[in-house]
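Protein chains in written order, with our numbering: chain G, 13 to 26; chain X, 3 to 259. Positions of the beta carbon are idealized from the N, C-alpha and C atoms, including for glycine.
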């Protein structure tokens, strides 16, 4: 089963 | 005071039509470098990053940086009222709460202006690091759109695997399974039919097809699309806006549990 990642886990806040 | 005159006004409409179903409201940030837009869909799974350089405009005046919050659906309605060959001029006052779009026909025999109310939208900007991608594939935009459409009829998740043999898109569902492999083709006589693959190391990532399909709404913008991938990072799907800038989509991968 694959879980959908969210962008915050990959890109930091500015 | 902001005043920007874009001769190929139709590019603006194509950009907005490409993103309005993914993001409903967004801030268009204007500075001396041009127009930028960064926004995520409500689930924060995909992000759009658009930049239109100031030198793309026949006339560009931006006295001080400003951020214009807009409903993209309303912006699309206004841009739909422009002729496909119209020159589009945007005007806004520094402290204004509206933006005016002026459409001039090429023969200047028809001029119209639309005033759009601006909104207060709290922008959630993310820092997108410059990435040295393991694999990039540049392919005809229509080809990418077709792969998304065809695979979406079979499954809702796609594994994109880039190897030296090419880029394979795999999906499966109740119907069965499907594989589409795209190979390097630099000998096509028409440049727009070429596919170029730059592979530093093999990479395979899993994505939700519905977002990749939504990105394909940008197909009218450009002849090619570039997919850039690196292990465990979002894929970047990039369309050039002629030589004026770019429209980039980022999609977070699905991580195997």
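Starting from residue i, trace the beta strand (DSSP E) both ways and give me its first and last residue.
{"i": "residue 315(X)", "result": "Residue 315(X) is absent from the model: chain X starts at 3 and stops at 259."}
{"i": "residue 165(X)", "result": "159-165"}
{"i": "residue 207(X)", "result": "205-210"}
{"i": "residue 107(X)", "result": "Here residue 107(X) belongs to no beta strand (DSSP E), and DSSP marks it neither H nor E."}
{"i": "residue 40(X)", "result": "36-42"}
{"i": "residue 90(X)", "result": "89-94"}
Please work out which residues of its chain come closer than 8 Å, Cβ to Cβ, to residue i, disregarding the five sequence neighbours upstream and downstream, and give them in chain order.
{"i": "residue 25(X)", "result": "41, 42, 43, 50, 74"}
With DSSP as the reference, identify every bridge partner of residue i, one or two as the case may be.
{"i": "residue 57(X)", "result": "None, per the DSSP bridge assignment."}
{"i": "residue 246(X)", "result": "DSSP lists no partner for residue 246(X)."}
{"i": "residue 181(X)", "result": "172(X)"}
{"i": "residue 130(X)", "result": "Paired residue(s): none; residue 130(X) is not in a bridge."}
{"i": "residue 188(X)", "result": "Answer is none; residue 188(X) lacks a bridge partner."}
{"i": "residue 33(X)", "result": "36(X)"}
{"i": "residue 70(X)", "result": "30(X)"}
{"i": "residue 216(X)", "result": "Partner(s): none; residue 216(X) has no beta bridge."}
Less than 7 Å between CB atoms is the rule here; does residue i satisfy it with respect to chain G?
{"i": "residue 254(X)", "result": "yes"}
{"i": "residue 236(X)", "result": "yes"}
{"i": "residue 128(X)", "result": "yes"}
{"i": "residue 257(X)", "result": "yes"}
{"i": "residue 226(X)", "result": "no"}
{"i": "residue 47(X)", "result": "yes"}
{"i": "residue 133(X)", "result": "no"}
{"i": "residue 208(X)", "result": "yes"}
Which same chain residues, not among the five before or five after residue i, have their C-beta less than 6 Å away from its C-beta?
{"i": "residue 253(X)", "result": "48, 209, 213, 236, 237"}
{"i": "residue 172(X)", "result": "161, 181"}
{"i": "residue 114(X)", "result": "105"}
Could you spell out where the alpha helix (DSSP H) holding residue i opens and where it closes?
{"i": "residue 145(X)", "result": "143-154"}
{"i": "residue 79(X)", "result": "74-81"}
{"i": "residue 20(X)", "result": "12-21"}
For the region 93-108 of chain X against the region 15-23 of chain X, are there 3 or more C-beta pairs whose distance is under 8 Å?
no
If contact is defined by three or more beta carbon pairs under 8 Å, each pair taking one atom from either stretch, is the region 115-128 of chain X in contact with the region 62-76 of chain X?
Because the criterion of three Cβ pairs below 8 Å is met, the region 62-76 of chain X and the region 115-128 of chain X touch.
Do the region 176-195 of chain X and the region 139-158 of chain X make contact, defined as three or more Cβ pairs closer than 8 Å?
By the Cβ rule, the region 176-195 of chain X counts as touching the region 139-158 of chain X, because three or more pairs are nearer than 8 Å.
Does the region 132-144 of chain X come within contact of the region 76-86 of chain X, defined as at least 3 CB pairs closer than 8 Å?
no
Pair every Cβ in the region 189-204 of chain X with every Cβ in the region 240-254 of chain X, then say whether three or more of these pairs are closer than 8 Å.
In this structure the region 189-204 of chain X does not touch the region 240-254 of chain X; the number of beta carbon pairs closer than 8 Å is below three.
Taking contact to mean 3 or more Cβ pairs, one atom from each stretch, closer than 8 Å, check whether the region 52-68 of chain X and the region 26-35 of chain X are in contact.
yes
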